[in-house]
Each structure stands twice: as C-alpha cells, then as structure tokens.
Amino acid sequence: MTDTPMNETPMNDVPTTDAVARRTVLVATGATAAALAVGAAAPRTQASPDTAPVAAAAVCTLTREMTEGPYYLDGQYVRADITEGKTGFPLKLALTVVDDDTCATISNALVEIWHCDALGEYSGYVGNNGHNEPDSGTFLRGGVLTNSSGVANITTVYPGWYIGRCVHIHVKVHVGVTLTSDGSFTGGTELHTGQLFFNETITAKVGALSPYSANTVRRTTLAQDGIYDDGGAASGLLTLTALGSSPSAGYSGTLTLGVER
0 MTDTPMNETP
10 MNDVPTTDAV
20 ARRTVLVATG
30 ATAAALAVGA
40 AAPRTQASPD
50 TAPVAAAAVC
60 TLTREMTEGP
70 YYLDGQYVRA
80 DITEGKTGFP
90 LKLALTVVDD
100 DTCATISNAL
110 VEIWHCDALG
120 EYSGYVGNNG
130 HNEPDSGTFL
140 RGGVLTNSSG
150 VANITTVYPG
160 WYIGRCVHIH
170 VKVHVGVTLT
180 SDGSFTGGTE
190 LHTGQLFFNE
200 TITAKVGALS
210 PYSANTVRRT
220 TLAQDGIYDD
230 GGAASGLLTL
240 TALGSSPSAG
250 YSGTLTLGVE
260 R
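Take the sequence shown: its letters are residues 0 to 260, numbered as in numbering that gives the first Met the number 0.
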C-alpha cells in the first residue's frame with residue numbers, strides 16, 4: 000500500500016532501494032552497545048501491557064531510510080510543541096541523534112517531524128482523508144535542535160491514520176541549519192529521512208476512544224502496512240510508555256536515530 004492522498008495518484012511512497020542511499024541506524028534510546036549487551040544477557044521481565052518492548056539489540060543496527068511521502072512542507076517552525084491546540088492524546092517524544100560510526104551523540108541537529116491528526120488529516124492537505132476541519136498549514140509540523148546530550152524533546156499528540164497507511168510519524172534530521180527570525184530554519188544538510196511507528200496493541204486502544212474513533216477510514220495495521228518492514232526499533236518502532244492509567248493520559252515515545260555524517 001502507498002502513502003497516497005484520497006483521489007490522487009501515488010507519489011513515490013516506496014522504500015529507497017538505491018545501493019548508495021544514506022544509511023541510518025536506530026538503537027534503543029539512551030543505551031550504548033556495551034549496556035545493550037549486558038541487558039541482552041539479563042533475565043527478561045514482564046512488560047506492562049501499555050509499554051512497547053525495547054529492542055534487544057547488542058550493537059548498532061543499520062537500516063535504510065524510508066520515503067518522505069507526499070505531505071512534506073518546507074519552512075516549518077522550530078518549536079518544541081507542535082500541537083497548535085489539536086485534540087488528541089499527549090505524546091512526549093525524546094529522540095536521540097547519534098553518529099552511526101561512533102554512537103557519539105550529536106548536539107544542535109534539527110529533528111523535524113510531521114504527521115496527521117486524530118482524523119488522519121495533514122495540515123496543508125486537509126480533506127484528503129475525507130474530513131472537513133480548519134487548516135492552518137502548520138499544525139503537527141515542526142522540530143527542535145538536539146540538546147548537549149543529543150536529545151530532541153518534542154510535544155505532540157498521538158497520530159491518527161489515513162487511507163492505506165498504519166499510524167506513523169515522518170522524521171528528518173538536519174545539521175548545520177540556520178535559524179531565522181520568523182521561527183523557522185534554512186540551509187544545512189539533511190542526514191536522514193525516516194518514519195516512526197507505534198505498537199499495534201497500544202494503537203488499538205487509542206483508536207477505540209474519542210477523538211480517534213471519529214476517524215471514518217479503516218485503519219491499516221503494522222502488519223498490513225507497505226512501508227513498515229517489521230524490523231522493530233531498527234525500522235523506527237518507538238518505545239512507548241504510558242503517562243497514566245488510561246490511554247487518554249498519553250504516552251512518552253523514545254528512540255535513538257543513528258545517522259551517517
């Protein structure tokens with residue numbers, strides 16, 4: 000299946016196959032290879048039903064970039080909160096950027112994300128998923144510079160879904176950008192384009208509740224998605240932790256993005 004707006008033709012939403020495509024690596028957030036090796040040898044504990052499992056990788060794992068898709072818009076804001084008042088369950092992302100050769104963290108890298116709202120609509124393209132609502136052209140878009148620990152902390156809402164795709168967030172990593180007076184950025188070098196994915200059990204719980212349950216489009220699961228390749232954290236699967244006793248309290252989502260500089 001493809002990342003295609005309703006009533007529009009496909010827009011090259013297929014995984015990159017070029018042998019010289021930039022490589023990326025995703026490892027469990029906040030862990031070095033040594034720590035992961037120790038963790039892999041430790042006894043397993045029972046995970047909370049609202050917590051997605053951490054990938055048991057002992058070394059950095061390389062993976063191909065994923066398609067940008069048809070909904071990217073240039074010139075978005077540099078900001079830590081991209082919600083713009085959109086309804087949905089809170090999602091607190093902590094995305095760590097590291098050098099894939101050394102696993103050293105990279106500070107001042109711009110981590111930019113964009114995704115649809117609870118009804119599956121993207122800002123700038125509202126109506127493509129069959130729902131009518133105000134369109135600011137900027138909601139649920141933006142990003143921040145990583146801090147001295149290489150972490151980008153972004154507040155958003157749990158995404159909805161649209162025709163033909165599972166629940167996901169698009170992500171880019173840039174270095175060397177220049178911040179502009181209007182709150183955006185220019186220049187720099189794009190190191191990574193990928194997607195972030197969500198535990199299917201958690202998504203099913205979220206999708207059964209308002210405002211997500213008002214989405215009239217049939218939801219595509221991870222297993223049915225044409226982009227996600229079932230590679231776990233190495234393919235962008237977030238580690239999700241519940242922020243409260245019910246899905247409406249929201250989740251934190253963590254992942255480490257390793258990029259080739």
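Even glycine gets a Cβ: it sits at the ideal position worked out from N, Cα and C.
(request) Hey, could you find the ends of the beta strand (DSSP E) T192 is sitting in? (result) T188 to F196
(request) Go ahead and pull the three-state DSSP assignment for P269. (result) Past the boundaries of the shown model lies residue 269; the chain is included only from 0 to 260, so the question cannot be answered.
(request) Name the residue from G175, V110 and T82 whose alpha carbon lies nearest to the alpha carbon of I90. (result) One detail in the question is off: residue 90 reads as Leu in this sequence, not Ile. Nearest of G175, V110 and T82 to L90, Cα basis: T82.
(message) I'd like the list of long-range same chain contacts for E7, defined as Cβ closer than 8 Å, with 5 residues on each side in sequence excluded.
(response) In this prediction, E7 has a pLDDT of 38, which is less than 50 and means its spatial position is unreliable; nothing more can be read from the coordinates.
(request) Using the Cα positions of S251 and L94, report the straight-line distance between them to the nearest angstrom. (result) 11 Å
(message) Taking a contact to mean a Cβ-Cβ separation below 8 Å, would you say A233 touches L254 in this structure?
(response) no
(request) Drop a sphere of 10 angstroms on the beta-carbon of L159, count the other beta-carbons inside from all chains shown, and report buried for 16 or more, exposed for fewer. (result) The displayed chain sequence assigns Gly, not Leu, to residue 159. G159 should be labelled buried.
(message) Pairs of beta-carbons, one from the segment 187-198 and one from the segment 124-140, closer than 8 Å: are there three or more?
(response) no
(request) Below 6 Å CB to CB, which residues in the same chain sit around C115 once its five sequence neighbours on both sides are set aside? (result) Y121, P158, G159 and Y161
(message) Let me check understanding here. Comparing Cα to Cα, which of D100, R140 and S106 lies closest to V176?
(response) S106
(request) Just tell me which of H167, R164 and L139 has its CA closest to the CA of T154. (result) L139
(request) Please go through the same chain and pick out, in chain order, the residues whose beta-carbon is closer than 6 Å to the beta-carbon of A51, but skip the five residues on each side of it. (result) Legend: pLDDT at A51 = 44, less than 50; position of this residue unreliable, no value from coordinates given.
(request) Determine the direct distance from the alpha carbon of V205 to that of Y211, and round the result to whole angstroms. (result) 7 Å
(message) My output table needs one value for E199: the three-state DSSP class, helix, strand or coil.
(response) helix
(message) Classify E261: buried if its beta carbon has 16 or more other beta carbons within 10 angstroms, exposed otherwise.
(response) This structure cannot speak to residue 261, because the chain is shown only from 0 to 260.
(message) With a threshold of 8 Å between beta-carbons, can D134 be considered close to chain D, or not?
(response) Absent from the structure: chain D. Only one protein chain is present.
(message) Comparing C-alpha positions only, which one of S209, G74 and G230 sits nearest to M65?
(response) G230
(request) Quick one: residues in its chain with C-beta nearer than 6 Å to the C-beta of S147, no 5 flanking neighbours on either side, listed in chain order? (result) S106
(request) Pick out whichever of T179, G186 and S180 has its Cα sitting closest to the Cα of V172. (result) G186
(request) Counting only runs of 4+ residues fully inside the segment 126-161, write out the alpha helix (DSSP H) ranges in chain order. (result) none
(message) Among A79, H167 and D100, whose alpha-carbon lies nearest the alpha-carbon of N152?
(response) A79
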